[in-house]
Structures are given as structure tokens and as C-alpha cells.
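Asker: Protein sequence lines correspond, in order, to chains A and B. The letter at position 127 of the first sequence is residue 127 when you use this note's numbering, and the numbering goes up by one with no holes. Going from the second sequence to this note's numbering is simple: count from 1 and add 228. Cβ atoms here follow ideal geometry from the backbone N, Cα and C, with glycine treated the same way.
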Amino acid sequence: MKKLVIIPAFNESESIVHTVRNIQKCAPDYDLIVINDCSKDNTLQICRDNDIPVLDLPINLGIGGAVQTGYLYAMMNHYDIAVQMDGDGQHDALYLKDMEETLVRENADMVIGSRFIEKKGFQSSGVRRIGIGIFRFLTGTLFGKAVTDATSGMRMSNRRTIELFVKDYPRDYPEPETVCRLLRKHYKVVEVPVIMKERETGTSSISMRKSVYYMVKVTLAILIERLR
Amino acid sequence: MSLRLQIILLVLLAIGMMVVINMVRKRVLELKYVLAWMFADIVLVLLVLFPGLIKAITRLLGIQSSMNMIFFLGFLLSLVIIFTLTVALSKVTSSVRRMSQTIALLEKELKEEIEITEEGC
Chain A
1 MKKLVIIPAF NESESIVHTV RNIQKCAPDY DLIVINDCSK DNTLQICRDN
51 DIPVLDLPIN LGIGGAVQTG YLYAMMNHYD IAVQMDGDGQ HDALYLKDME
101 ETLVRENADM VIGSRFIEKK GFQSSGVRRI GIGIFRFLTG TLFGKAVTDA
151 TSGMRMSNRR TIELFVKDYP RDYPEPETVC RLLRKHYKVV EVPVIMKERE
201 TGTSSISMRK SVYYMVKVTL AILIERLR
Chain B
229 MSLRLQIILL VLLAIGMMVV INMVRKRVLE LKYVLAWMFA DIVLVLLVLF
279 PGLIKAITRL LGIQSSMNMI FFLGFLLSLV IIFTLTVALS KVTSSVRRMS
329 QTIALLEKEL KEEIEITEEG C
């Protein structure tokens with residue numbers, strides 16, 4: 001079985017090597033690919049210097065476009081499993097084994113690493129938890145399955161889901177919307193508990209100022225997804 | 229504003245909103261770019277429901293008649309949306325340029341590589 005880790009990277013020069021080494025150590029059976037989304041720092045150079053496989057996007061596509069590039073790469077190269085992880089060291093490759101076992105055992109289409117099943121580790125800030133709670137409510141009422149951590153960027157997909165993501169993937173803030181799409185199409189989505197760390201370096205793509213916009217846009221996107 | 233006009237306007241605005249949402253649903257439009265239109269639609273609904281608002285804003289801005297104020301605001305909103313489109317178009321232009329350049333560079337690299345392999349044989 002061919003397995004791939006997709007790491008979207010935008011200005012992650014300080015943490016990318018550490019993140020990649022962690023994956024190579026904890027999950028040596030996975031290939032990995034970094035998608036450099038026009039970083040303004042030397043993320044690309046650092047990847048090349050350290051022999052980390054990297055796809056260098058010529059124009060900035062945003063997180064959605066970058067991740068989708070990874071799924072396209074996975075499909076073209078016939079990977080059976082693709083898992084996306086953030087390049088900032090938040091996600092621990094230790095959990096890949098558990099996620100993979102769950103994917104196979106439950107015959108799931110996607111396994112999400114959730115911070116809120118065992119409620120351990122970094123739980124995100126108060127405001128964000130409210131947002132995540134709203135998504136849990138929306139997924140529960142609209143799609144019949146309450147997803148505890150719809151915003152989680154640590155997600156493992158099988159072949160079927162990879163192909164769906166290659167066809168269509170939202171440009172920005174894609175996580176909750178794509179989870180809803182899978183649920184609408186009756187794909188099987190399973191969550192497993194993971195512990196996330198606070199990001200080591202860099203800043204989140206969602207600042208406080210953008211939080212309101214984020215909630216409005218993603219909520220609307222989810223409602224429209226229900227109408228599809 | 230008569231009740232009849234209010235109802236007609238509300239129906240028109242509702243149809244407008246449904247058309248926009250339906251186009252997003254069918255992936256013709258991207259949600260990001262229609263948020264402004266949805267916002268405008270909601271503002272107009274509020275103005276139709278509470279005509280007093282128009283008078284209040286007219287007085288606030290020191291404009292003589294409500295009609296002028298409506299034309300002014302409509303004009304302003306159109307300008308904002310047109311400007312947003314100009315920004316979006318500029319971004320697309322520079323992306324296309326960078327993409328063409330990248331393809332040109334890759335093509336040259338690829339051709340050189342093919343030539344090297346052919347010489348090797």
C-alpha cells in the first residue's frame with residue numbers, strides 16, 4: 001500500500017525540517033511531499049538543502065489550492081492513502097499509525113485527528129472553540145453526524161476521497177466544508193483522538209480580525225453544501 | 229413607500245438572493261466573490277422593511293431628498309464592487325504571467341534534459 005503525507009507550507013522555514021524529521025522517524029513507511037505555496041521566506045531553499053521532496057507552486061494558491069495540489073500528486077502517483085498535516089509542528093506523526101488502522105478497520109473514507117474527543121493537549125483558544133462548537137452543531141443537525149473537530153488540518157483519506165478532492169476543493173478555509181461534502185455524499189468519516197501542540201513558530205492563517213469573516217463564510221458554505 | 233411597492237421589492241430581492249445562492253450551489257460563482265452581493269441584498273431588504281432608515285441616513289449625510297441619497301448610495305456600492313473586480317482581475321493577470329513564465333522555464337529545462345539523454349545514447 002502506497003502512503004503519502006501532504007504538508008502545505010507557507011513561510012514555515014523555522015519548523016519544516018523538524019516537522020519532516022518527526023514524520024520520517026515516527027512513520028518511515030510514508031512518502032512525503034511539501035507543497036511550497038509561494039513562501040516569502042526561504043522554506044523552498046531549506047527543503048532542497050535537506051533533500052525534502054517539494055512541489056514549488058509558481059503562484060500563491062492559498063491553503064486549499066496547495067493541499068489540492070498534494071491530492072493531485074497523490075492521485076497521479078497512485079497512492080492508496082494520503083494524509084495532510086500542517087508544516088508548523090502542531091501535528092504529531094505518532095498518530096498516523098492509529099489513524100491508518102482506523103481507516104482500514106472501519107473501512108472509512110476519511111479519518112480526522114480530533115483534539116476534542118479526549119480533550120487533552122492544546123485545545124485552541126476560547127473564541128475558536130466556540131466556532132468549532134458551532135461546526136459540531138451544524139454537522140450534527142444538517143448532516144446527521146456531529147464532527148467534534150471539523151477544522152482539524154490532520155486528515156487521512158482513502159483513494160475515493162482523494163479523487164473527490166482532486167475534482168473540487170474550496171480555495172480558502174476548506175476543512176469544515178470538505179468534511180460536510182463527504183458527509184453529504186455518505187462517505188464514511190471517522191474521528192480518532194489526537195493531541196496537538198501549540199504551533200511552534202509562524203502565525204495562523206486565521207487572525208482574530210478574520211475570525212468573523214471566517215465564521216460567516218464557512219457557515220454559509222456549509223449551508224450551501226446542504227443545498228447541493 | 230406603499231405596501232404594494234414594499235412587497236414587490238422584497239420579492240425581487242428574494243429572487244435575487246436565490247439566484248446568487250443557486251449559482252454558488254452549481255459552482256458557477258465562488259462564494260468569496262458573492263459575499264458582497266449577498267451583503268448588499270440584505271442591506272436593501274432592511275431598507276425596504278424599515279423605510280424610516282432611509283430618512284435617517286439622508287438627514288445624517290445632510291442630503292436634501294431621500295431620492296438623491298438612494299442614487300448616491302447605489303452609485304457608491306456599484307463603485308466598490310467594480311473596484312473589487314479590478315483588484316481581482318489584476319491578481320489574475322499577474323498569476324497568468326507568472327504561470328506562463330514558469331511553463332517557459334520548465335519547457336526549456338525539459339528540452340535540454342531530453343537532448344542530453346539523446347546524446348548519451
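Along the region 42-60 of chain A, what residues have a CB closer than 7 angstroms to any CB found in chain B?
Answerer: Answer set for the region 42-60 of chain A: Pro58, Ile59.
Asker: For leucine 223 of chain A and serine 157 of chain A, I'd like the C-alpha separation in whole angstroms.
Answerer: 23 angstroms
Asker: How would you write the range of the alpha helix (DSSP H) that serine 114 of chain A sits in, first residue to last?
Answerer: Segment 110-114 is the beta strand (DSSP E) holding serine 114 of chain A; no alpha helix (DSSP H) there.
Asker: Any idea if arginine 232 of chain B is buried or exposed, counting beta-carbon neighbours within 10 angstroms, 16 or more meaning buried?
Answerer: Using a 10 angstroms sphere on the CB of arginine 232 of chain B, the tally of other CB atoms stays under 16, which defines it as exposed.
Asker: Cβ atoms of alanine 27 of chain A and isoleucine 16 of chain A: under 7 angstroms apart, would you say?
Answerer: no
Asker: Going by C-alpha to C-alpha distance, which of A:Glu101, A:Gly64, A:Ser13 sits closest to proline 170 of chain A?
Answerer: Residue A:Gly64 is the option with its Cα nearest to proline 170 of chain A.
Asker: Determine the closest residue to leucine 57 of chain A out of A:Ile35, A:Gly121, A:Val189, with distance taken between C-alpha atoms.
Answerer: A:Ile35
Asker: From valine 111 of chain A to valine 324 of chain B, what does the alpha carbon distance come to, in whole angstroms?
Answerer: 36 angstroms
Asker: Determine the burial state of aspartate 51 of chain A: buried for a count of at least 16 other Cβ atoms within 10 Å of its Cβ, exposed for fewer.
Answerer: exposed
Asker: What three-state label does DSSP hand alanine 146 of chain A in the structure shown?
Answerer: coil
Asker: Going along chain B, which residues have a C-beta under 9 angstroms from lysine 217 of chain A?
Answerer: Leu259, Lys260, Leu263
Asker: If you follow the alpha helix (DSSP H) that alanine 82 of chain A is part of, which residue opens it and which one closes it?
Answerer: Premise fails: alanine 82 of chain A lies in the beta strand (DSSP E), 81-84, not in any alpha helix (DSSP H).
Asker: Distance, Cα to Cα, lysine 3 of chain A vs glutamine 234 of chain B?
Answerer: One C-alpha to the other measures close to 60 angstroms.
Asker: Provide the residue(s) that pair with glutamate 340 of chain B in DSSP beta bridges, ordered along the chain.
Answerer: According to DSSP, which records beta bridges pairwise, glutamate 340 of chain B is partnered with nothing at all.
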